[in-house]
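S.K.: Here it is, the structure in full.
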Amino acid sequence: MARLAVAERRTLLLDAAWRVLRRDGVAGTTTRAVCAEAGMPQGLFHYCFASRDEMLAEVVADVLPREVSAASSAVRRRGTRVDAVHAALLAYWELVEAEPETQRVIYEITAVGLRDATLAPGVRARYERYPTAVAEVLLELGRVRRLEWTEPVDVLARRVVALLDGLTISFLVDGDAAAARGVLASFAADLARHARGVRR
1 MARLAVAERR TLLLDAAWRV LRRDGVAGTT TRAVCAEAGM PQGLFHYCFA SRDEMLAEVV
61 ADVLPREVSA ASSAVRRRGT RVDAVHAALL AYWELVEAEP ETQRVIYEIT AVGLRDATLA
121 PGVRARYERY PTAVAEVLLE LGRVRRLEWT EPVDVLARRV VALLDGLTIS FLVDGDAAAA
181 RGVLASFAAD LARHARGVRR
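Here it is in structure tokens:
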């Protein structure tokens, strides 16, 4: 392999880790397997990551920014406040439907992290960032649509997280996308009731 900067090697290893995780699961994602997938000597791994668990924590952290970006962009679409809330939820959901294996990986790492003290901090960090990220989307929706929320935004954000988490797991089990979209539409209407217009 040509001489690469550490940042470039990290990117190659993370991309390879995603491929191995989707194919072989957490148990099969060893440093040896990831380096082989990346076409990189195993001895270079520890120049990029302190451990396999640090790499897996990076994998978990990699997903949330894409989800937030998609949802934030969606709130700018035209329509009613219900349409705006629904669009933000659907933006996340379309990522789930398009990449169910990505969600399986995240939940597998989460489940393993509940019993693995070395993985637990990365899992905990994701679940600490998740409500904060959703709250930012709700506040962005309020700014764009000139709305204010009638319930504390952090409470609403945790409701959204709970709904999306449960719905994602259900979809991964039963594969019923139509049912999931129906739940999202109903929840969007309910969530929009907690917003009211702000006078100009």
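Letter 190 of the sequence shown, counting from 1, is numbered 190 in full-length UniProt numbering, and no numbers are missing. Backbone N, C-alpha and C fix where the C-beta goes; we use that ideal spot for every residue, glycine too.
#1: Between Glu67, Leu14, Asp83, Gly79, which lies nearest to Asp190 when the distance is taken from Cα to Cα?
#2: Keeping to the same chain, check which residues put their C-beta closer than 6 Å to that of Arg9; ignore five residues upstream and five downstream.
#3: Three or more C-beta pairs closer than 8 Å, one from the segment 117 to 134 and one from the segment 144 to 161: is that the case here?
#4: If you check the beta carbons only, do Ala91 and Ala71 fall under 8 Å apart?
#5: The alpha helix (DSSP H) with Arg158 in it runs from where to where?
#6: Are the CB atoms of Pro100 and Leu172 within a distance shorter than 8 Å?
#7: To which residues does DSSP link Glu148 through a beta bridge?
#8: Under 8 Å, with one C-beta from each stretch per pair, do the segment 106 to 115 and the segment 51 to 67 reach the 3-pair mark?
#9: Under 8 Å between the Cβ atoms of Arg66 and Leu95?
#10: Helix or strand or just coil, what does DSSP make of His46?
#11: Count the other CB atoms, across all protein chains shown, that sit within 10 Å of the CB of Asp53; report buried if there are 16 or more and exposed otherwise.
#12: Would you mind sorting Glu37 into buried or exposed? The rule is 16 or more other CB atoms within 10 Å of its CB.
#13: Less than 8 Å separating the beta-carbons of Thr150 and Arg196?
#14: Quick one: Cα of residue 204 to Cα of Ala33, how far?
#15: Looking at the structure shown, is Met40 part of a helix, part of a strand, or coil, going by DSSP?
#16: Measure the beta-carbon distance from residue 245 to Val137 and round it to whole angstroms, keeping in mind my assumption that it falls under 8 Å.
#17: The alpha helix (DSSP H) with Glu108 in it runs from where to where?
#18: What does the Cβ neighbour count give for Gly122, buried or exposed, with the cut at 16 atoms within 10 Å?
M.R.: In this structure, then:
#1: Taking the sequence shown and counting its residues from 1, the one referred to as residue 190 is at position 190. With distances taken between Cα atoms, Asp190 lies closest to Asp83.
#2: For the purposes of this step, residue 9 is taken as the residue at position 9 of the sequence shown. Closer than 6 Å at the Cβ level, and outside the excluded window around Arg9, lie Cys48.
#3: yes
#4: Along the sequence shown, one-based indexing puts residue 91 at 91. Along the sequence shown, one-based indexing puts residue 71 at 71. Cβ distance < 8 Å, so Ala91 and Ala71 count as in contact.
#5: By one-based count along the sequence shown, residue 158 stands at place 158. That run of the alpha helix (DSSP H) goes 153 to 174.
#6: Start at 1 with the first residue of the sequence shown, and residue 172 comes out as number 172. Start at 1 with the first residue of the sequence shown, and residue 100 comes out as number 100. Against a cut-off of 8 Å, the Cβ pair of Pro100 and Leu172 comes out as a contact.
#7: By one-based count along the sequence shown, residue 148 stands at place 148. BP columns for Glu148 point to Arg196.
#8: yes
#9: Start at 1 with the first residue of the sequence shown, and residue 66 comes out as number 66. Start at 1 with the first residue of the sequence shown, and residue 95 comes out as number 95. Yes, the Cβ-Cβ distance between Arg66 and Leu95 is below 8 Å.
#10: Indexing the sequence shown from 1 puts residue 46 at position 46. Three-state DSSP puts His46 in a helix.
#11: Counting from 1 along the sequence shown, the entry for residue 53 is found at position 53. It counts as buried.
#12: On the sequence shown, residue 37 is found 37 positions in, with the first residue counted as 1. Its Cβ being crowded by 16 or more others within 10 Å, Glu37 is buried.
#13: For the purposes of this step, residue 150 is identified with residue 150 of the sequence shown, where counting begins at 1. For the purposes of this step, residue 196 is identified with residue 196 of the sequence shown, where counting begins at 1. In this structure, Arg196 lies closer than 8 Å to Thr150 by Cβ.
#14: What is shown of the chain runs 1 to 200, which leaves residue 204 out entirely.
#15: By 1-based counting over the sequence shown, the position of residue 40 is 40. Looking at Met40 - three-state DSSP - the assignment turns out to be coil, as it is neither helix nor strand.
#16: Given that the chain is displayed from residue 1 to residue 200, the structure contains no residue 245 and the question cannot be resolved.
#17: For the purposes of this step, residue 108 is identified with residue 108 of the sequence shown, where counting begins at 1. Element bounds for Glu108: 100 to 113.
#18: Position 122 of the sequence shown, counted from the start, is the residue given in the question as residue 122. Buried, by the Cβ-count rule.
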